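For reference, the structure is listed below as C-alpha cells.
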Amino acid sequence: MATTMQQLRAWRGPVFLSYGFRPFFFSAGVLATLLIALWTPWFLGFLVLPSAFSPVNWHVHELLFGYVPAVIAGFLLTAVPNWTGRLPVVGWPLAGLFALWLLARGTVLVSPGLSPLALAAGTLLFPFALLGVTAREIIAGRNWRNLKILVPLFLIILAQIGFHYEAARFGRSEIATRLGIAATIMLIMIVGGRIVPSFTRNWIKRANPGREPKEFGRFDILSMGFGGIALAGWVITPLIGWGIIPLGIALLAAGCIQAIRLARWAPDRTLAEPLVAVLHAAYAFIPIGFVLSGIASLTGEHGWHQAAIHAWTAGAIGLMTLAVMTRASRGHSGRPLTAPLGTTLIYLAIGLSALTRIGVALLPATTMWLLPLSGLLWCLGFLGFAVLYAPILLLPAMRAP
C-alpha cells in the first residue's frame, strides 16, 4: 500500500498542487490582504465596490466564509492524512477543491448580477465539498477521536447559509455572523488545545528544559464545554436582548477559565521563540473576547460588543491562522521550526492590528485615523506572509515533508 510520502513523490504535476497547504495558505494570505485593502476605504466612504452585499456584509462574508475556510482547508488537508494514515488529497482532486474556492470568490465578485439563491449556491459548494472530503477521510481511517472536528465545520456551513438568508431578507446578518464567529472560536479551542501545548512541550524539551504544559485532561474538557455554552448564549443575544446578567456573568467566567487554561500551557517559557510564543498570544485573544463580550452583555454598550468581536476575529482568528500557516509551511517544506525576523515582524503587525481595531471599537472618535492604521498593519502582515512564504509554498520542499 502506498504511503503518504510515496503518494506525494508520485505526483509529477505543479508543486502548487503537491500538498493541501500550498494553494490554500498562499491564496488565504493574498485574499486577507486584498479584502482589508479594499474594505477600509470602502467603509470610510472613499471607494465604492460593485456588490450585492453592503460593505459590512461583504467584509464579514469574505473574511469569515472566504479567508477562514481557506486556512481550515489548508490545515485539514495537511493534518488529516497524519491523523488517519490515509493518502493525502493531492493533484487534480486538490485542484478541484481549490477551483470551488475560487468559484466562491468569483461568485461574490459578480454578485450584483445574481439572484440571492445563485449567490448562496456558488459560495456554498466549497465548504460542503471540504466537509465531505474531511468526513470521508476520518471515517475511512476509523479515526473516531477526530470526528469532533466536523461539528464546528458543519456549524460554519450552517452559519453561511443563515448569513445569505439574513442578508437577502433583512439587509444585514446578526445571528448567523455570530454563529460563524463562535464556531470558528470553538474550532480554535479544540485544535488549539492540541497544538499549542504540544508544540510548546516539544520546544521546551529541546531548547529550554523545565516546567512543561499540563497534559490534556478534565479541566480542558470543562473549559471547552463551558466556553461552548457561553458562546451559544452569545449567539442568541439578539433574540433574548442585552443586559442579561446570567449571560454576562457566564461570559466573564468563560474568559477567566480560558485564561487559566492558557496559563497551564506555560506561555511564559516560550518568549525566546516567536514561532511558539505567537500561538499563546493568539489564544490569549479568546479569553479577552469573552471578557469584553461579558461586559457588553451586562452594559448593553455597542462599543464593548464590537471590541469583543474584533478580539475574536482580528485577534484570535487572524493571529492564530497566521501562526498555523507559518509553522505548517515551514515544517512541511523542510525549513527549521524557528521564526526568522521577517516572520516575527508579520506576527507583530497582525497582533498590533487586532489591538488597534479593538481600540477603534472602544474609542469611536479615533475611527478616521485608527481604523486605517489597523487596516494598514493587517495588510502589511498578510502581504508580508504572501511575499515571504511564496518561495516556500510555490517551490519544491527542501526535503520531502
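So for the sequence shown, the numbering used here puts the first residue at 7; every next one is plus one.
Each residue gets a CB set at the ideal place from its N, CA and C atoms; glycine is no exception.
Quantities reported herein were computed from a predicted structural model and do not represent experimental measurements.
| Item | Value |
| --- | --- |
| How about His170 and Pro244: do their beta carbons lie closer than 8 Å? | no |
| Among residues of its own chain, excluding the 5 on either side of Ala260, which ones have a beta-carbon nearer than 6 Å to its beta-carbon? | Phe232, Gly233, Ala236 and Phe296 |
| Just to confirm, is the Cβ distance from Leu137 to Ile155 under 8 Å? | no |
| Go ahead and label Ala314 buried or exposed: buried means 16 or more other beta carbons lie within 10 angstroms of its beta carbon, across all protein chains shown. | buried |
| With DSSP run on the structure shown, which of helix, strand or coil describes Ser299? | helix |
| Taking 8 Å as the threshold (C-beta atoms), are Leu325 and Val284 in contact? | yes |
| Would Thr332 and Phe291 be called neighbours here (beta carbons separated by less than 8 Å)? | no |
| Do Leu401 and Val21 have their C-beta atoms within less than 8 Å of each other? | yes |
| Are the beta-carbon atoms of Ala101 and Leu37 separated by less than 8 Å? | no |
| In or out: Gly306 buried (at least 16 other Cβ within 10 Å) or exposed? | exposed |
| Taking the alpha helix (DSSP H) that Thr434 belongs to, which residues open and close that run? | Shown here, the chain extends from 7 to 407; a query on residue 434 therefore has no answer. |
| If we call anything under 8 Å between Cβ atoms a contact, is Gly364 one with Ala317? | Note that residue 364 is Ile in the sequence shown here, rather than Gly. The answer is yes: Cβ separation under 8 Å. |
| In its own chain, which residues sit with a C-beta less than 6 Å from the C-beta of Glu68, not counting the 5 before and 5 after it? | Leu41 |
| Leaving out the 5 sequence neighbours to the left and right, which residues in its chain are closer than 7 Å to Pro47 when beta-carbon positions are compared? | Leu53 |
| For a test of the three-state rule: what should DSSP assign to Arg92, helix, strand or coil? | coil |
| Exposed or buried, what is Met374 when buried is set at 16 or more other beta-carbons lying within 10 Å of its beta-carbon? | exposed |
| Quick check on this structure: which residue in Phe59, Val74, Gly147 and Arg275 has the alpha carbon closest to the alpha carbon of Arg212? | Arg275 |
| For the putative contact between Ala265 and Pro219, defined by C-beta atoms under 8 Å, what is the C-beta separation to the nearest angstrom? | Ala265 to Pro219, Cβ: 15 Å. No contact. |
| What are the boundary residues of the alpha helix (DSSP H) that Phe30 is part of? | Phe27 to Phe49 |
| DSSP three-state label for Trp283, please. | One detail in the question is off: residue 283 reads as Ala in this sequence, not Trp. Ala283: helix per DSSP, three-state reduction. |
| Is the region 344 to 355 close to the region 377 to 388, with three or more CB pairs under 8 Å? | yes |
| Round the Cβ separation of Val241 and Leu185 to the nearest angstrom and send it over; I've been treating them as touching at under 8 Å. | 5 Å |
| Counting only the same chain and skipping the five closest in sequence on each side, list residues whose C-beta sits under 7 Å from that of Ser335. | Phe27, Phe31, Tyr395, Ile398 and Leu399 |
| Compute the Euclidean distance between the alpha carbons of Ala329 and Gly198, then round it to the nearest angstrom. | 11 Å |
| Would you please state the rounded distance, in angstroms, between the beta carbons of Ser33 and Ala76? I believe it to be under 8 Å. | 6 Å |
| Note the first and the last residue of the continuous alpha helix (DSSP H) segment covering Arg111. | Gly97 to Leu115 |
| Would you decide whether Leu98 is buried or exposed? Buried here means 16 or more other CB atoms lie within 10 Å of its CB. | Reading off the sequence shown, one finds Trp at residue 98, where the question assumed Leu. So Trp98 ends up on the exposed side. |
| Please report the residue range of the alpha helix (DSSP H) in which Asn63 lies. | Pro61 to Glu68 |
| Roughly how far, in whole angstroms, is the beta-carbon of Gly128 from the beta-carbon of Leu109, given that I think they are within contact range, below 8 Å? | 6 Å |
| Taking a contact to mean a Cβ-Cβ separation below 8 Å, would you say Val66 touches Ser204 in this structure? | no |
| Thr349 by DSSP, collapsed to three states: which one? | helix |
| What does a CB cutoff of less than 7 Å around Leu2 pick up in its chain, not counting 5 residues either side in sequence? | Nothing can be reported for residue 2: it is not among the residues displayed for the chain, which extend from 7 to 407. |
| Going by DSSP, what residue range makes up the alpha helix (DSSP H) through Gly309? | His308 to His316 |
| Output the distance between the C-alpha atoms of Gly348 and Leu281, rounded to the nearest integer angstrom. | 12 Å |
| Using C-beta distances below 8 Å, list every residue in its chain close to Glu279, excluding the 5 sequence neighbours before and after it, in chain order. | Trp209, Ala213, Thr344 and Ala345 |
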